[in-house]
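Since the structure comes first, as structure tokens, the remarks are kept for the end.
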Amino acid sequence: MTTLLQRIERFIVAGDGAFDGEFVELAAAAARFGYERVEPYRRLCDRRGVDPAALDDWRAAPAVPTSAFKSLRLAAAKPREVFRSSGTTRGAERRSVHYHPYPGLYRTVIDASFADACLPAGAERLPILSLIPDRTIAADSSLSFMAAHVFEPHAAPGSAWAVQDAGIDLDLACRWLRAQAEGEPVLVLATALALTLLLDRLEDEARGPIRLPPGSRVFETGGFKGRSLETTPEAVRRRARTLLGLDPDAVVREYGMTELTSQAYSRPGGERLHTPPWMPFRVLDPESLEEVEDGETGLLAFFDLANVGSVCHILTEDLGVREGDAFRLLGRASGAELRGCSLTAEELGAV
Amino acid sequence: MTSRVAELAAAAPSLRAIPTDALLAAWNETLTAFLDANSPERRDLDPGLLQSTGLSPAGLSHGLRSIGEGMLGDAAAGELRRPHRQREDGFSLVVLPAEPPGLILQSLLPALAARAPVLFKSSRAEPHFAPAFLAALGQRLPELRDAYAAVTWTGGDEAVETPLHAAARLVVAYGGEATINALQSAAVGRLIAFGPKLSLGWVDPGADLNHAALGMAFDIATFDQRGCLSVHAVFAEPHTAPTFAAALATTLAELAVDLPPGHSSAADRAGVRLAREDAELRGLDWHGDALDAGTVIVDPDPRISPSPGLRTVRIHPVEGVPTLDEWTGRLQGLAVAGRLPARIRRAFEQAGVSRFAPAGQLQTTGAAWRNGGIDLAAEFAGSAIRESKFKRGLNRAHDRYADAFRRLAE
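Read top to bottom, the protein sequences are chains A and B.
For the first sequence, my numbering begins at 59 and goes up steadily by one.
For the second sequence, my numbering begins at 268 and goes up steadily by one.
Structure, rendered in structure tokens:
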């Protein structure tokens with residue numbers, strides 16, 4: 059097994075695969091590994107009549123819905139990290155748990171993809187403000203794991219975590235941002251919700267917008283976790299550009315989830331999300347689970363080699379559309395919300 | 268809007284002057300017309316309503332009959348003859364949901380009974396039914412025209428909503444948690460909020476399973492499972508559950524012919540596909556063919572979760588009292604097949620279930636149904652407030668006398 063992990067790690071570090079050749083070989087080996095070690099996955103393959111030993115196309119490996127992480131233990135080895143999804147404000151739903159045996163692989167993924175996607179050209183270390191909690195506050199958050207690992211090689215002295223036990227420390231965040239206005243480019247790590255709260259505060263402050271140094275970046279991820287706000291991700295990014303005095307291409311959007319180890323990123327300022335060379339995606343017809351044509355809406359599925367510690371082929375709850383070699387997010391499958399006698403989002407008043 | 272609101276606010280005295288028989292006749296005639304898919308009113312209404320609701324024509328007619336048939340004739344007369352009356356000037360605001368259509372009937376009849384003028388806010392997603400119904404009612408009884416209106420605006424427009432909330436005697440809102448939170452934080456005087464809820468089913472081991480399946484299938488399929496009285500999950504004893512699930516799946520498939528599912532979105536279809544994939548991975552027993560024609564999953568996990576829609580239902584095998592804690596306050600109704608033991612009923616009541624009905628009749632609400640136990644006619648009239656003030660006064664008097672007796676005894 060060490061060999062497979064090492065080969066996957068080398069493939070990720072090389073970062074120049076094209077979803078053929080070595081990737082196909084590694085994907086088949088990873089699917090076999092899952093079949094041998096993850097009992098629920100073996101049963102699924104058997105029921106579907108899929109023999110991973112004969113697999114020559116990663117697309118033929120059964121995909122596991124993310125909801126399975128809420129009810130099943132999908133781990134190929136003893137977990138060394140346990141990540142839990144944060145859930146939504148609705149409260150009654152179950153949370154996903156990713157028993158992760160190979161956090162080293164997670165670190166490799168971050169090292170191989172984060173800097174290229176999120177840092178200004180040429181930057182190695184820079185001041186970072188994190189609106190994502192650190193690991194002392196959210197030990198089971200995969201996002202906090204990621205942010206902590208980003209801090210190690212990239213955070214310059216003076217970088218700050220602006221989340222306390224009670225929530226986001228907006229005073230600290232605003233003070234920190236205003237203090238950076240004359241310095242070198244900075245990086246802000248935030249969820250969409252945290253960023254919205256920060257922007258609301260900046261808008262309320264009498265001192266007016268901030269002008270962060272040119273080249274500064276904002277890393278924005280996730281949705282609003284069930285919180286109804288009068289905004290959209292696009293509007294948040296527009297406001298961030300205005301209120302933080304950012305370049306049009308300063309906001310990088312990340313797409314990740316507890317159930318995956320790798321992430322997709324937008325190009326700076328863009329909307330379309332690109333997966334790394336070790337995580338191909340497909341857009342599937344909900345009726346047939348066959349791949350739809352470019353431009354058609356369907357369920358997003360990913361084959362993440364770095365997920366070898368659980369299940370590589372993941373069927374998400376997200377709807378998207380393929381645009382060339384990238385995808386655009388369009389929403390989520392129905393299922394988590396109560397529908398009865400309720401208003402549509404358009405009807406919501408101010409919160 | 269301002270002048271319309273002023274008209275509404277001043278309409279209470281003329282409403283009180285309308286004889287109940289005239290009101291009853293107009294209500295019955297109008298509702299009968301709206302329950303008849305061949306009436307001129309429905310021929311005008313249905314194209315827009317079908318478009319906005321996405322229901323099939325048969326599904327729309329069935330759903331409207333479920334809401335409306337129990338509000339005709341003697342049932343309506345019983346409500347309209349109740350003594351509650353709005354004595355003061357002023358109007359109430361009712362915020363209607365996008366779905367299911369026809370829900371205005373459940374607040375309009377009590378408002379008529381209380382002779383309480385109401386401004387209805389129709390959803391932009393379904394702006395057809397309420398104004399059409401009020402227009403038809405006003406044609407039959409013109410005195411009602413000044414007292415009832417349905418309008419549409421985008422929710423959250425403070426210029427419209429702030430003065431309306433401040434002026435309304437009572438706001439009744441059907442909505443999601445965010446809507447309710449928004450209204451609670453707005454300057455609303457009295458607010459009655461009907462938040463999002465789901466309904467469940469119970470199959471007694473002694474029940475005729477085919478009969479139970481037929482009834483439950485109707486409670487699932489009515490309004491394509493989009494109402495708060497739609498059944499999302501059913502509890503059955505372990506040895507009954509697999510047989511019942513198979514019978515229910517067969518019945519749902521047959522019902523999809525008579526009561527075809529309406530339009531389904533990619534998100535809805537994706538939700539059902541994921542539920543099926545999840546069941547497959549977990550090795551659960553599940554039934555279903557076309558994604559929108561019904562999916563039945565036997566889920567040994569006793570915890571319930573909302574259905575993704577499109578007539579998807581989970582059957583939870585349970586022995587004894589089901590696990591409901593996580594859902595307290597979010598449950599609306601229980602469709603019962605067979606006998607419901609008292610201790611089981613109590614568990615559901617404690618979790619907030621306010622409507623118990625035989626399977627097949629859960630969504631067939633009548634005029635006397637009090638959603639959440641709330642008597643809307645009394646609320647519109649304001650007599651609920653007067654009653655509680657009276658009770659508070661009585662309690663204070665009782666306390667004073669109790670103190671006096673205690674002192675005397677000492």
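No residue lacks a Cβ here, since even glycine has one placed at the ideal position from N, Cα and C.
These numbers were taken from a predicted model, which means no experiment stands behind them.
Distance, residue j Cα to residue i Cα
i, j, result
"A378 (chain B)", "A534 (chain B)", "37 angstroms"
"A383 (chain B)", "R457 (chain B)", "15 angstroms"
"A88 (chain A)", "V366 (chain A)", "6 angstroms"
"A500 (chain B)", "G443 (chain B)", "20 angstroms"
"L450 (chain B)", "L386 (chain B)", "16 angstroms"
"S286 (chain A)", "N448 (chain B)", "Summary for S286 (chain A): the model assigns pLDDT 45, below 50, so the residue's position carries little reliability; its value from the coordinates is reported in the next sentence. Going from the Cα of S286 (chain A) to the Cα of N448 (chain B) covers about 10 angstroms."
"A635 (chain B)", "A648 (chain B)", "17 angstroms"
"T316 (chain A)", "D592 (chain B)", "27 angstroms"
"P608 (chain B)", "P509 (chain B)", "21 angstroms"
"E351 (chain A)", "F127 (chain A)", "29 angstroms"
"P185 (chain A)", "G273 (chain A)", "12 angstroms"
"L255 (chain A)", "L189 (chain A)", "10 angstroms"
"A72 (chain A)", "Q321 (chain A)", "17 angstroms"
"G587 (chain B)", "R570 (chain B)", "14 angstroms"
"S621 (chain B)", "A121 (chain A)", "41 angstroms"
"A560 (chain B)", "L370 (chain B)", "25 angstroms"
"L327 (chain B)", "P368 (chain B)", "8 angstroms"
"M268 (chain B)", "R295 (chain A)", "36 angstroms"
"T297 (chain B)", "L316 (chain B)", "17 angstroms"
"D262 (chain A)", "Y313 (chain A)", "29 angstroms"
"V140 (chain A)", "L251 (chain A)", "24 angstroms"
"V470 (chain B)", "A342 (chain B)", "29 angstroms"
"A218 (chain A)", "W234 (chain A)", "8 angstroms"
"E182 (chain A)", "P161 (chain A)", "23 angstroms"
"P472 (chain B)", "E504 (chain B)", "6 angstroms"
Any non-hydrogen atom of the ligand MN closer than 7 angstroms to residue i Cβ
i, result
"V350 (chain A)", "Although the ligand MN was asked about, the structure shown includes no ligands whatsoever."
Residue i - partner residues in DSSP beta bridges
i, result
"S347 (chain A)", "Before going on, a small fix: residue 347 (chain A) reads as Leu here, not Ser. None; L347 (chain A) has no bridge partner."
"V82 (chain A)", "Paired residues: none, contrary to the question."
"Y99 (chain A)", "None; Y99 (chain A) has no bridge partner."
"R390 (chain A)", "A:D376"
"A359 (chain A)", "A:R340 and A:L373"
"V385 (chain B)", "B:S359 and B:Y415"
"W294 (chain B)", "In DSSP, W294 (chain B) forms no bridge with anything."
"A602 (chain B)", "B:G468 and B:A624"
"A440 (chain B)", "B:V362 and B:A460"
"F385 (chain A)", "A:L331 and A:R380"
"W594 (chain B)", "Bridge partners of W594 (chain B): none, in fact."
"F172 (chain A)", "According to DSSP, F172 (chain A) bridges with nothing at all."
"I582 (chain B)", "B:V501 and B:V565"
"G555 (chain B)", "B:T562"
Neighbour flag for residue i against chain A, beta carbons, 8 angstroms
i, result
"G576 (chain B)", "yes"
"L322 (chain B)", "no"
"L431 (chain B)", "no"
"P472 (chain B)", "no"
"D313 (chain B)", "no"
"L558 (chain B)", "yes"
"P409 (chain B)", "no"
"P569 (chain B)", "no"
is_contact[residue i, chain B] using C-beta, thresh 8 angstroms
i, result
"S392 (chain A)", "yes"
"G389 (chain A)", "yes"
"P3 (chain A)", "The shown model of chain A, from 59 to 409, leaves out residue 3 (chain A), and the question about it has no answer."
"K283 (chain A)", "Note on K283 (chain A): pLDDT 49, under 50, position unreliable in the model; the coordinate value appears next. No, its Cβ sits nowhere closer than 8 angstroms to a Cβ of chain B."
"R90 (chain A)", "no"
"T254 (chain A)", "no"
"L357 (chain A)", "yes"
"L187 (chain A)", "no"
"L373 (chain A)", "yes"
"E345 (chain A)", "yes"
Residue-level contact to chain E via CB, residue i, 8 angstroms cutoff
i, result
"L377 (chain A)", "Within the model displayed, chain E is absent; protein chains A and B are what it includes."
Closer than 9 angstroms, Cβ to Cβ, to anything on chain A: give me those residues from the region 603-635 of chain B, in chain order.
Residues: none.
Whole beta strand (DSSP E) runs in the region 478-511 of chain B with 3 or more residues, listed along the chain?
498-503
Residues, ordered as in the chain, of the region 519-551 of chain B that lie near chain A by beta-carbon distance below 8 angstroms:
S532, A533, A534, D535, R536, A537, G538, V539, R540, L541, A542, E544, D545, E547, L548, R549 and G550
The region 368-396 of chain B: which residues have C-beta closer than 8 angstroms to a C-beta of chain A, in chain order?
L370, S390, R391 and A392
Anything in the region 121-144 of chain A with a Cβ closer than 7 angstroms to a Cβ of chain B? List those residues in chain order, please.
Listed in sequence order: V122, P123, S125, A126, S129 and L130.
Which runs of the alpha helix (DSSP H) spanning at least 4 residues fall entirely within the region 249-312 of chain A, listed in chain order?
250-262 and 291-301
Within 9 angstroms of chain B by C-beta, residues of the region 90-113 of chain A in sequence order:
P98, Y99, R101, L102, R105 and R106
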